[in-house]
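Data block below; observations after.
In this note's numbering, the protein residues as written are 50 to 237.
As structure tokens, this is what we get:
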């Protein structure tokens, strides 16, 4: 059986909307997942740690403040979190990175993603929206099309907009190397 750990990184205090803490939604969905063995909140805040404990998650350490500056990327935070877990003899086979800012995941969503990753054999799986619309980007101060424009949909290749906040499912060796995606990426 694979050891699958959900990591929820939070800088500072958890967010609330209408008096309901967003962290509770994310922790509850992760705890409901049959295939997730451990739910870890990685935070620098004692208040968030206490909240997470009360909701049933594990907070095995507080992150150092130097990982909480705005210029510190999520990849560094996750690499640190994984190394701390490994120092505690916890070695996940897969890591599910969840963010509290995307609290509304359908029931069973996380287990379906895990099954899809195991079935397809990718090393990273990201929820995404498939779209056949027109897409543009800025390049050297100009707007340029990144697709083939207004042609019949059946002639177009879809583009995918990743929704990483819902969950990035990844093999831990990439996180260890401070990467948020591996070489073989799938969309869900």
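Even glycine gets a Cβ: it sits at the ideal position worked out from N, Cα and C.
Values in this document were obtained by computation on a predicted structure and should not be read as measured data.
From this set, 181, 95, 117, which residue's C-alpha is nearest residue 109's C-alpha?
From the listed residues 181, 95, 117, the smallest Cα separation to residue 109 is found for 95.
Under three-state DSSP, which class holds residue 148?
Correct three-state label for residue 148: coil.
If you follow the alpha helix (DSSP H) that residue 179 is in, where does it begin and where does it stop?
First-last for residue 179: 177–180, but that is the beta strand (DSSP E), not the alpha helix (DSSP H).
What is the C-beta distance between residue 178 and residue 234, in whole angstroms, given that I count them as a contact (C-beta under 8 Å)?
The distance from the Cβ of residue 178 to that of residue 234 is about 15 Å, inconsistent with a contact at the 8 Å cut-off.
If you run the structure through DSSP and keep just helix, strand and coil, what is residue 168?
The answer is helix: DSSP assigns residue 168 an H, G or I state.
Throw me the rounded Cβ distance for the residue 147 and residue 75 pair, which I believe falls under 8 Å.
Correct: roughly 5 Å between the Cβ atoms.
Excluding the 5 residues flanking residue 83 on each side, which residues of the same chain have their C-beta closer than 8 Å to its C-beta?
If we look at residue 83 and ignore the five residues flanking it on each side, its Cβ neighbours are 160.
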